[in-house]
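*Asks:*
2 protein chains.
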Amino acid sequence: MSDLILAADLGGTNLRMAAVDSVGHPHNITKRPVPKGVSPAGLIDLVEEMSSLCCDGLHGEVRALGFTAPSPIQLDFDGVLTKLPNLGSVTGMNFKRDLEDLFKLPVFMENDATAAAIGENWIGASRDVQNSVCVTLGTGIGGGIIINGEPLRGPDGIGGEIGHITVEPNGRPCKCGSIGCIEEYASATAITRMAVEFGMNVANAGEVYEAWQTGDEKAESVFASMGRYLGITLAGLANALNPEMLVICGGVTAGWDAFSHHVTAEIEKRAYPAAAKRAVVARCGLGDNAGIIGAARSAFLRGSI
Amino acid sequence: MSDLILAADLGGTNLRMAAVDSVGHPHNITKRPVPKGVSPAGLIDLVEEMSSLCCDGLHGEVRALGFTAPSPIQLDFDGVLTKLPNLGSVTGMNFKRDLEDLFKLPVFMENDATAAAIGENWIGASRDVQNSVCVTLGTGIGGGIIINGEPLRGPDGIGGEIGHITVEPNGRPCKCGSIGCIEEYASATAITRMAVEFGMNVANAGEVYEAWQTGDEKAESVFASMGRYLGITLAGLANALNPEMLVICGGVTAGWDAFSHHVTAEIEKRAYPAAAKRAVVARCGLGDNAGIIGAARSAFLRGSI
């Protein structure tokens, strides 16, 4: 009977779950909206309900749970979620303890973007690579760093928080409290904002990309700017960490052909030639499943399963 | 009889050597200018001559050589120095092989700033710390990164090249070919240049600091700007790597009281609160000896001595 991890990726909008086997295949992928203002008990009930669906028809044995959350999570994380964007109603709950009580299984938690980096490094774009940086472009920007095959979490679980690296010293205020963070210049939110500033009538980054596909010059300027800024930040990380791969994940990768060459060009312009040559810019291999696959990998490794 | 490493720190101007014992004490520290246009054979002769002085009167046994050079050096470095600033006359020589032939001992090479980070992590400012970033402010800016107690070299030995992280996207051209590198804003060279731009009549960073000590407002502006830029870059690394310590080394630390509070303030302003709180900004503990002490530590560890 094969070993399975019940893996979940908790976001501010949706909860995604699957039963992941030992070669990284996610079975019965299930996605549900997280109700606004959900109570801690309601969130645990939702996990329980979805877990039945994830395990339906499988003959393996669930050995542990692997969970991600959009929060800094250190290796010895005690399970109390203190700062979850868009999930204020569950602030202070001990998610890990409550789930361990319910399932009578070990629960391993991981930051969502770090989990994506672990997943990509296991069976995705950066498979077989020792050193990589994974940047997740969505509503905001997250990141995960793998050094010598190990996720870099840091003592406070902040390791890999690429989204709030300054890219424009006197730039836009960011909701994190800093100024000129890359999140303000290369996230889906930033793409939409820049497009509106350029006079485009669009509601989201997808519409900016649709315009780009029709040859819209303003949309081209938006993606050129966004790609250039992302390249500046990644060039800095290429110099500092000399990774073999820079993996770009998240919803914004739907517009890959509009921006990726700008990223590469900027890295070639700014990083050491050997570092720029070494750091292959790659599109994520696992799409929306990177988080649950990485959460499962983390649980397999940390649980010695 | 105690084990010793013959350690050397090769710069563009000087060669510093010492015999370093197993607790990190450098004996018979010797410093000589590297003659302009020195030949490969001349450089080897200089090392041989200085090695006698370093070992004079010591009763230990030299077990290996540890050498630093201002060049990217990967773990499996073959010994050929290809790009040494101010040492063009020895380009292409196989420094490692020539020294092994001469001394009949293993030679371990390390990038100079990475060696400084290793030295500080061994018995200096970041002793007992698992994750640290060491930035060396001199004519240029170098850096070294320690993750989980191990130096981050990267496959091309570029790991830790902090000096060429962009801090001002449309900033000054840098001799590395990029634009707006932190080296152009926080090195000794940059301090002097900014002071001259502000109308000061100074020839070097030391004179800017002397003026600062007398209350000169222009000098204060120079150090405020330099400290702010350095803080921006270090805040980004604090977010990405979540280190316990940020060690500042190099000649510019002579002006510590003029700039360090600006660095700290900028990190507090820009990094995640937990990352900023965690990352103690510290002045180097080993001064000019960080490189030779780190080179020795590297040789002790890699040679299993």
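Note that the protein sequences, when read in sequence, are chains A and B.
Residues 276 to 580 in this note's numbering are what the first sequence spells out, letter by letter.
Residues 276 to 580 in this note's numbering are what the second sequence spells out, letter by letter.
No residue lacks a Cβ here, since even glycine has one placed at the ideal position from N, Cα and C.
When you compare the CB positions of B/G394 and A/T441, do they come within less than 7 Å of one another, or not?
*Replies:* Indexing the second sequence from 1 puts residue 394 of chain B at position 119. Indexing the first sequence from 1 puts residue 441 of chain A at position 166. Cβ distance not < 7 Å, so B/G394 and A/T441 don't count as in contact.
*Asks:* Going by DSSP, what residue range makes up the alpha helix (DSSP H) through A/F498?
*Replies:* Taking the first residue of the first sequence as position 1, residue 498 of chain A is located at position 223. That run of the alpha helix (DSSP H) goes E492 to L516.
*Asks:* Candidates A/K358, A/G354 and A/V365: which alpha carbon is nearest A/E385's?
*Replies:* Here residue 385 of chain A refers to the residue found at position 110 of the first sequence. Minimum Cα distance to A/E385 is reached at A/G354.
*Asks:* So who's on the other strand from B/K306, going by DSSP bridges?
*Replies:* Within the second sequence, the letter at position 31 stands for residue 306 of chain B. The partner list for B/K306 (beta bridge, DSSP) reads B/R291.
*Asks:* Which of the three DSSP states, helix, strand or coil, is assigned to A/P301?
*Replies:* Position 26 of the first sequence, counted from the first residue, corresponds to residue 301 of chain A. Reduced to three states, the DSSP call for A/P301 is strand.
*Asks:* Which of the residues in the stretch 426-442 of chain A, read from start to end, lie with their CB under 9 Å from any CB of chain B?
*Replies:* For the stretch 426-442 of chain A, which is checked against every Cβ of chain B, the residues closer than 9 Å are L427, R428, G429, P430, D431, G432, I433, G434, G435, E436, I437, G438, H439, I440, T441 and V442.
*Asks:* Quick check on the DSSP output: the alpha helix (DSSP H) that includes B/V442 runs from which residue to which?
*Replies:* Taking the first residue of the second sequence as 1, we reach residue 442 of chain B at position 167. Where B/V442 is concerned, there is no enclosing alpha helix (DSSP H), given that its DSSP letter is neither H nor E.
*Asks:* Beta carbon of B/G506, beta carbon of B/F534: below 7 Å?
*Replies:* Within the second sequence, residue 506 of chain B is the residue found at index 231, counting from 1. Within the second sequence, residue 534 of chain B is the residue found at index 259, counting from 1. No, the pair does not count as a contact, with Cβ atoms beyond the cut-off.
*Asks:* Name the DSSP beta bridge partners of B/P601, please?
*Replies:* With chain B running from 276 to 580 in the structure shown, residue 601 of chain B is simply not present.
*Asks:* Using the Cβ count rule (16 or more neighbours within 10 Å means buried), how would you classify A/L285?
*Replies:* The count along the first sequence starts at 1 and reaches residue 285 of chain A at position 10. Looking at its Cβ environment, which holds 16 or more other Cβ atoms inside 10 Å, A/L285 is buried.
*Asks:* A/Y460 and A/A529 look like a contact to me (Cβ under 8 Å); what is the Cβ gap, rounded to whole Å?
*Replies:* On the first sequence, residue 460 of chain A is found 185 positions in, with the first residue counted as 1. On the first sequence, residue 529 of chain A is found 254 positions in, with the first residue counted as 1. A/Y460 to A/A529, Cβ: 18 Å. No contact.
*Asks:* Residues in the same chain with beta-carbon distance under 6 Å from A/H537, minus the five sequence neighbours each way, listed in chain order, please.
*Replies:* On the first sequence, residue 537 of chain A is found 262 positions in, with the first residue counted as 1. So the list reads A499, G502 and R503, once near-sequence residues are dropped.
*Asks:* Would B/A499 count as contacting chain A if we go by Cβ distances under 7 Å?
*Replies:* Here residue 499 of chain B refers to the residue found at position 224 of the second sequence. Answer no: the Cβ-Cβ gap between B/A499 and chain A never drops below 7 Å.
*Asks:* Taking only the alpha-carbon atoms, compute the straight-line gap between B/S496 and B/L318 and give it to the nearest angstrom.
*Replies:* Translated into the one-based positions of the second sequence, residue 496 of chain B becomes position 221. Translated into the one-based positions of the second sequence, residue 318 of chain B becomes position 43. The alpha-carbon atoms of B/S496 and B/L318 are separated by roughly 42 Å.
*Asks:* Would you mind working out which of A/H300, A/H302 and A/E324 sits nearest A/P308, comparing C-alpha positions?
*Replies:* Sequence index remark: in the first sequence, residue 308 of chain A carries index 33 (1-based). Looking at the Cα atoms, A/E324 is the closest of the given residues.
*Asks:* What residues of chain B sit near A/L512, judged by a beta carbon separation below 8 Å?
*Replies:* Against the first sequence, residue 512 of chain A aligns to sequence position 237. Under the 8 Å cutoff, chain B gives A515.
*Asks:* Taking 7 Å as the threshold (beta carbon to beta carbon), is A/S453 in contact with chain B?
*Replies:* Stepping through the first sequence from its first residue, residue 453 of chain A is reached at position 178. Yes - at least one Cβ of chain B is within 7 Å of the one on A/S453.
*Asks:* For B/V298, count neighbouring C-beta atoms within 10 Å of its own C-beta (all shown protein chains included) and say buried if the count is 16 or more, exposed if not.
*Replies:* Here residue 298 of chain B refers to the residue found at position 23 of the second sequence. So B/V298 counts as exposed.
*Asks:* Verify the CB distance criterion: does B/R553 have a CB-CB separation below 7 Å to chain A?
*Replies:* Along the second sequence, read from residue 1 onward, the residue named residue 553 of chain B stands at position 278. At least one chain A Cβ lies under 7 Å of B/R553.
*Asks:* Cα-Cα, which of A/P310, A/A316 and A/T343 is closest to A/A282?
*Replies:* Counting from 1 along the first sequence, the entry for residue 282 of chain A is found at position 7. Taking only the C-alpha atoms, the option nearest A/A282 is A/T343.
*Asks:* DSSP three-state call for A/F589: helix, strand or coil?
*Replies:* Lying outside 276 to 580, the shown extent of chain A, residue 589 of chain A is not represented and no answer is given.
*Asks:* Cβ of A/L290 within 6 Å of any heavy atom in the ligand COA?
*Replies:* Because no ligand of any kind appears in the structure shown, any question about the ligand COA cannot be addressed here.
*Asks:* Going by DSSP, what residue range makes up the beta strand (DSSP E) through A/D532?
*Replies:* Residue 532 of chain A sits at position 257 when you count from the first residue of the first sequence. No beta strand (DSSP E) holds A/D532; the alpha helix (DSSP H) holding it covers W531 to R545.
*Asks:* Determine which residues of the stretch 347-378 of chain B have a Cβ less than 8 Å from any Cβ of chain A, and write them out in chain order.
*Replies:* Going along the stretch 347-378 of chain B in chain order, one finds P347 with a Cβ nearer than 8 Å to chain A.
*Asks:* Return the chain-ordered list of same chain residues with a C-beta closer than 8 Å to the C-beta of A/I348, the five sequence neighbours on each side being excluded.
*Replies:* Residue mapping note: residue 348 of chain A aligns to position 73 of the first sequence, counting from 1. Result list for A/I348: M384, E385, N386, T389, R428 and G432, in chain order.
*Asks:* Please confirm if the stretch 541-551 of chain A is in contact with the stretch 368-385 of chain A, defined as three or more CB-CB distances below 8 Å between the two stretches.
*Replies:* Not touching, per the Cβ criterion.
*Asks:* Does the Cβ-Cβ distance between B/I280 and B/A463 come in under 7 Å?
*Replies:* Position 5 of the second sequence holds residue 280 of chain B. Position 188 of the second sequence holds residue 463 of chain B. In this structure, B/A463 does not lie closer than 7 Å to B/I280 by Cβ.
*Asks:* Measure the beta-carbon distance from B/I580 to B/D278 and round it to whole angstroms, keeping in mind my assumption that it falls under 8 Å.
*Replies:* For this step, residue 580 of chain B is matched to residue 305 along the second sequence. For this step, residue 278 of chain B is matched to residue 3 along the second sequence. Right, their Cβ atoms sit about 5 Å apart.
*Asks:* Can you tell me which residues form a DSSP beta bridge with A/F342?
*Replies:* As a working note, residue 342 of chain A is residue 67 in the first sequence. According to DSSP, A/F342 bridges with A/A283 and A/M384.
*Asks:* Does the beta carbon of A/I507 come closer than 7 Å to any beta carbon on chain D?
*Replies:* Absence of chain D from the displayed structure is noted, the protein chains being A and B.
*Asks:* Any residues in the stretch 398-409 of chain A with a beta carbon nearer than 7 Å to a beta carbon of chain B? Which ones, in chain order?
*Replies:* Answer in chain order: N406.
*Asks:* To which residues of the same chain is A/N417 closer than 7 Å at the C-beta, ignoring the five residues directly before and after it?
*Replies:* Taking the first sequence and counting its residues from 1, the one referred to as residue 417 of chain A is at position 142. The question names Asn, yet the displayed sequence has Gly at residue 417 of chain A. Counting only Cβ-Cβ distances below 7 Å, and skipping sequence neighbours, we find D387, A388, T411 and G438.
*Asks:* Below 8 Å, how does it come out for the stretch 396-409 of chain B and the stretch 419-427 of chain B: are there three or more Cβ pairs, yes or no?
*Replies:* Verdict: yes, contact present.
*Asks:* For A/R545 and chain B, any beta-carbon pair shorter than 7 Å?
*Replies:* For the purposes of this step, residue 545 of chain A is identified with residue 270 of the first sequence, where counting begins at 1. So, interface residue.
*Asks:* For the beta strand (DSSP E) that A/A400 lies in, which residues bound it at each end?
*Replies:* Numbered from 1 along the first sequence, position 125 holds the residue referred to as residue 400 of chain A. Unbroken run through A/A400: none, as it is neither H nor E.
*Asks:* Check the Cβ of B/A549 against every Cβ in chain A and list those closer than 8 Å, keeping chain order.
*Replies:* Stepping through the second sequence from its first residue, residue 549 of chain B is reached at position 274. Those within 8 Å of B/A549 in chain A are P347, D431 and I433.
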